[in-house]
Amino acid sequence: MSPEFTLTVGELRDVVRVAVVHDGPEIVGFFPFERHPLGIGKPVAAGLTDAQGLVHVKDVRIHPLWLLKQCGLAVYEFDHLVSGQPLLGARHERHPSPIIDLRDGWDDYTESLRRHSGKTYKTTLAKSRKLQREAGPLRHDYATTDVEPLRTLLGWKTDQYRRTGRADRFAHPWIVELVERLLATQSDSFAGVLDMVYVDGRPMAGHFGLRTRTTLAGWFPAYDTHFAKYSPGLIHHLAMAERAAEAGIEVIDMGRGQKEYKDKLKNGELEVAEGRVARLGPAAGVHWVMRVPVRKTRATVMANPLLLKTADKTLKTYGRLRTVLQR
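Per the numbering used here: the sequence shown = residues 1 to 327.
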């Protein structure tokens, strides 16, 4: 929701808009959104962003349907709406967004890991030592602006998407361009943050995310599968969290989603919402038919461990078959 992010996406996509909300002469809010055909509204860079909604002064009162009308929208759909939003209704689905809370410092965080994920913490440290014995010393480059390791990271992520049957986000050139531009954006209040862990000079695992002064938003973590037996993702995340704490980061937001590594590393949660706000009309009706049943089906699958496991297995099988066919 940072202005730098919205402006950068706007340079690449002509659907981006920002509504400025006034109360008399005072500006009380900004509403970044994308306006698509039929008046369908989405968050800026929908599908990529983990923080969505209205940027507003405290205790502002804005009616969601009034806002949609002023923006020329029939519907506004979201899946990571920040809690406390005027756009948030009682019927919208709430979801936890796991975080690494570093406000009490790195030592307190590792102590919480020992208490709540002791086996994971000890095993990760042991695997790190084994990796260094068998493959060589580790080096961690935090907040590098070199584009070459970024391209290595995106290549790993593409392989992961294909291997697990997911759509490859980086098949869209504008997303690759967006990430590269954000890496080049460096200021005190906002920056793209790339970090990479190397083993004997060889890239092993990394992450690209966005930071404000105190928050690092997790975005694209990935690793070289050659090192999979050493749990490179966990080794990297612990190294990243330690360096982030040293750099003044207080919270690492790992984003909504059921991932095992998030459960192992989290020591807190935020709340985000999923749903839509809609005005009466044919466009909203068409949108409901196309989107809402699919969203509810997905929510049912995600809430049922057996269904989720079956769906994940099916996607991975599809990913393996597609990889073989593309060789």
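From the three backbone atoms N, C-alpha and C, an ideal C-beta is built for every residue, glycine too.
Computed from a predicted model, the values in this text were never measured in an experiment.
Please report the residue range of the alpha helix (DSSP H) in which A239 lies. First-last of the alpha helix (DSSP H) with A239: 232-246.
Per the DSSP calculation, P221 is bridged to which residue(s)? H207.
Can you find a heavy atom of the ligand MN that lies under 7 angstroms from the Cβ of V251? Of ligands this structure carries none, so the ligand MN is not represented either.
In or out: G218 buried (at least 16 other Cβ within 10 Å) or exposed? With 16 or more other Cβ atoms inside 10 Å of its own Cβ, G218 counts as buried.
What distance in whole Å lies between the Cβ atoms of W174 and R13, which are believed to be in contact at a cut-off of 8 angstroms? 7 angstroms
What alpha helix (DSSP H) runs, 4 residues minimum, are completely inside the region 77-131? 106-116
Go through the region 131-175 residue by residue and report every complete run of the alpha helix (DSSP H) that reaches 4 residues or more, in order. 147-163
What are the residues that DSSP puts in a beta bridge with P282? Paired residues: none, contrary to the question.
Identify the continuous alpha helix (DSSP H) that holds L265 and give its terminal residues. 260-265 is the span of the alpha helix (DSSP H), which, as asked, contains L265.
If you follow the alpha helix (DSSP H) that E4 is in, where does it begin and where does it stop? 3-12
T65, DSSP secondary structure in three states: Just to set this straight, residue 65 is Leu in the shown sequence, not Thr. Helix at L65.
Exposed or buried, which one is T124 when buried takes at least 16 other CB atoms within 10 Å? buried
Assuming contact is defined by CB atoms lying nearer than 8 angstroms, are G39 and L81 in contact in what I supplied? no
What first and last residue would you give for the beta strand (DSSP E) that runs through A191? 191-199
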